[in-house]
Ligand SMILES: C[S@@+](CC[C@H](N)C(=O)[O-])C[C@H]1O[C@@H](n2cnc3c(N)ncnc32)[C@H](O)[C@@H]1O
Ligand code: SF4
Ligand code: SF4
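Residue numbers (the working numbering): 200 to 515.
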């Protein structure tokens, strides 16, 4: 007998279904999608959430499509879990906005452009006006919230060849919509074929003086407006590890909609499936312990060596 050990941070792909077909995402190219089974849902609610302090709802899908979302949020609130959801906001109607904000959930909306034509060119099936309408209700709530309310809203912009010149407008859009900050990351190859990638990549654009000036201008503009903008470019990732271990294998679990279990969304290893095995036998099992030992002795997985996550070994 030994005390069971549970992760503190849950990263949950409640569904891999999506109503959008964005140009930079797997959904733009393949048709797929499923939601977690009732067995997985029950493990999350009854076994994992009670031990967790943080929960991120996001995967290659749209969490607001999952019909059990309310139960997951309710359990998170009950156990005082910090919650964050990343969403395309198309289904973020008043009811869902209230459910999330009342539970203190942080809402991150993927916008990519403040201009309707560009937004809908990148976010295929997206309806810019509908998302803006949904945000209007956020503005109303934000203005009527108590100062110490935990819920906040921020914007994720994936920079690519189609939108990189819109940073200043995006800062204005974020401020107008009462966003806490704007997080700008660079489009990554992920699942894109060569032709699609060549149309979106910033690899060459990034080297130009015009681009560098634009980033500086955006940073200065945000400072003047006292607004927070955070950049995360893939070329900024150090190839050498800056810390010896990352805590993911010990403290962070990623659960796919299929029930597969990993330690983060980057590492390509699956350590078991919750539809076939109980959580304890996966989390404290031989396969995952071997992965932990490899990291502890500095034998890193190739994905770890190029990790883009803020807490990975490539970040100091
Ligand atoms: C995969 S989506 C899932 C959540 C939700 N469907 C959404 O779009 O917000 C999570 C985040 O990944 C970003 N993303 C998708 N494909 C990407 C890529 N190729 N490179 C960088 N970020 C990407 C999206 O813009 C979004 O902010
Ligand atoms: S909304 Fe999110 S999951 Fe859906 S296609 Fe776009 S990036 Fe992918
Ligand atoms: S270093 Fe990055 S890829 Fe590796 S386990 Fe940690 S978070 Fe995952």
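Here a beta-carbon is modelled for each residue, glycine too, at the ideal position from N, C-alpha and C.
* Could you check what DSSP says for residue 214 in three-state terms: helix, strand or coil? => Counting from 1 along the chain shown, the entry for residue 214 is found at position 15. Looking at residue 214 - three-state DSSP - the assignment turns out to be strand.
* Is the beta carbon of residue 245 less than 8 Å from the beta carbon of residue 288? -> As a working note, residue 245 is residue 46 in the chain shown. As a working note, residue 288 is residue 89 in the chain shown. Contact flag unset, no.
* **Extent of the continuous beta strand (DSSP E) to which residue 319 belongs** => Sequence index remark: in the chain shown, residue 319 carries index 120 (1-based). Per DSSP, residue 319 belongs to no beta strand (DSSP E); it is in the alpha helix (DSSP H), 315-321.
* Would you decide whether residue 318 is buried or exposed? Buried here means 16 or more other CB atoms lie within 10 Å of its CB. => Residue 318 sits at position 119 when you count from the first residue of the chain shown. With 16 or more Cβ atoms within 10 Å of its Cβ, residue 318 is classed as buried.
* Considering only the beta carbon of each residue, do residue 284 and residue 253 sit closer than 8 Å? -> Indexing the chain shown from 1 puts residue 284 at position 85. Indexing the chain shown from 1 puts residue 253 at position 54. No, they are not a contact pair.
* N-terminal and C-terminal residue of the alpha helix (DSSP H) that residue 286 is part of -> Taking the first residue of the chain shown as 1, we reach residue 286 at position 87. That residue, residue 286, is in no alpha helix (DSSP H); its beta strand (DSSP E) goes 281-286.
* Asked: Which residues mark the beginning and the end of the alpha helix (DSSP H) in which residue 418 is found?
  -> Counting from 1 along the chain shown, the entry for residue 418 is found at position 219. Looking at the DSSP string, the run of the alpha helix (DSSP H) that includes residue 418 is 408-423.
* Under the three-state DSSP convention, the category residue 245 falls into -> Stepping through the chain shown from its first residue, residue 245 is reached at position 46. Residue state, collapsed to three classes: helix.
* **Under the three-state DSSP convention, the category residue 446 falls into** => The residue given as residue 446 occupies position 247 in the chain shown. Residue 446: coil per DSSP, three-state reduction.
* Asked: CA-CA distance, residue 302 and residue 403?
  -> Numbered from its first residue, the chain shown carries residue 302 at position 103. Numbered from its first residue, the chain shown carries residue 403 at position 204. Rounded to the nearest angstrom, the two C-alpha atoms are 43 Å apart.
* To do: Return helix, strand or coil for residue 353, following the three-state DSSP convention.
  => Here residue 353 refers to the residue found at position 154 of the chain shown. Reduced to three states, the DSSP call for residue 353 is strand.
* Asked: Closer than 7 Å: is that where the CB of residue 206 sits relative to any heavy atom of ligand 3?
  -> Mapped onto the chain shown, residue 206 falls at position 7. No, the Cβ of residue 206 stays beyond 7 Å of every heavy atom of ligand 3.
* residue 259 and residue 215 look like a contact to me (Cβ under 8 Å); what is the Cβ gap, rounded to whole Å? -> For the purposes of this step, residue 259 is taken as residue 60 along the chain shown, with counting starting at 1. For the purposes of this step, residue 215 is taken as residue 16 along the chain shown, with counting starting at 1. About 5 Å separates the two Cβ atoms, so the contact holds.
* Can we count residue 309 as close to ligand 2, meaning its CB is less than 7 Å from some heavy atom? -> Position 110 of the chain shown holds residue 309. The answer is yes for residue 309.
* Which term fits residue 277, buried or exposed, when burial requires 16 or more other beta carbons within 10 angstroms of its beta carbon? -> Here residue 277 refers to the residue found at position 78 when the chain shown is read from its first residue. Result: exposed.
* Would you kindly work out how many angstroms separate the C-alpha atoms of residue 400 and residue 472, rounded to a whole number? => In the chain shown, the residue the question calls residue 400 occupies position 201. In the chain shown, the residue the question calls residue 472 occupies position 273. Cα to Cα, residue 400 sits roughly 34 Å from residue 472.
* Residue list, Cβ distance to ligand 2 heavy atoms smaller than 5 Å -> 217, 219, 221, 224, 226, 287
* **residue 363 versus residue 428 - alpha carbon distance** => The count along the chain shown starts at 1 and reaches residue 363 at position 164. The count along the chain shown starts at 1 and reaches residue 428 at position 229. Spanning the two alpha carbons is a distance of roughly 14 Å.
* To do: State the DSSP-derived secondary structure class of residue 305, mapped to helix, strand or coil.
  => Numbered from its first residue, the chain shown carries residue 305 at position 106. Correct three-state label for residue 305: strand.
* Asked: Taking the alpha carbon of residue 426 as the point to measure from, which residue in 353, 247, 242 has its own alpha carbon closest?
  -> Start at 1 with the first residue of the chain shown, and residue 426 comes out as number 227. Residue 353 is the option with its Cα nearest to residue 426.
* **Residue interval of the beta strand (DSSP E) (run including residue 369)** => Here residue 369 is taken as the residue at index 170 of the chain shown, counted from 1. Taken as a continuous stretch (DSSP letters only), residue 369 belongs to no beta strand (DSSP E), being part of the alpha helix (DSSP H) at 366-375.
* Could you please give the first and the last residue of the uninterrupted beta strand (DSSP E) stretch that includes residue 454? => Sequence index remark: in the chain shown, residue 454 carries index 255 (1-based). Its beta strand (DSSP E) spans residues 451-454.
* **Minimum C-alpha distance to residue 380 - residue among 296, 483, 366, 386** => Indexing the chain shown from 1 puts residue 380 at position 181. With distances taken between Cα atoms, residue 380 lies closest to 366.
* **Whole-angstrom C-beta distance between residue 452 and residue 500, which should lie under 8 Å** => Position 301 of the chain shown, counting from 1, holds the residue named residue 500. Position 253 of the chain shown, counting from 1, holds the residue named residue 452. Going by Cβ atoms, the distance from residue 500 to residue 452 rounds to 16 Å, so no, they are not a contact pair.
* Contact the stretch 327-343 vs the stretch 225-243: 3+ CB pairs below 8 Å -> no
* Using the beta-carbon count (16 or more within 10 Å), is residue 348 buried or exposed? -> Counting from 1 along the chain shown, the entry for residue 348 is found at position 149. So residue 348 counts as exposed.
* Apply the 10 Å Cβ neighbour rule to residue 255 and answer buried if 16 or more other Cβ atoms are within range, or exposed otherwise. => Taking the first residue of the chain shown as 1, we reach residue 255 at position 56. When all chains shown are included, residue 255 counts as buried.
* Asked: For residue 398, which three-state DSSP category applies?
  -> The sequence position of residue 398 within the chain shown is 199, counting from 1. Of the three classes helix, strand and coil, the one that applies to residue 398 here is helix, per DSSP.
* **Simplified DSSP assignment, three categories, for residue 336** => Taking the first residue of the chain shown as 1, we reach residue 336 at position 137. Correct three-state label for residue 336: helix.
* Where do the N-terminal and C-terminal ends of the alpha helix (DSSP H) with residue 276 fall, by residue? -> For the purposes of this step, residue 276 is taken as residue 77 along the chain shown, with counting starting at 1. From DSSP, the alpha helix (DSSP H) with residue 276 extends over 268-277.
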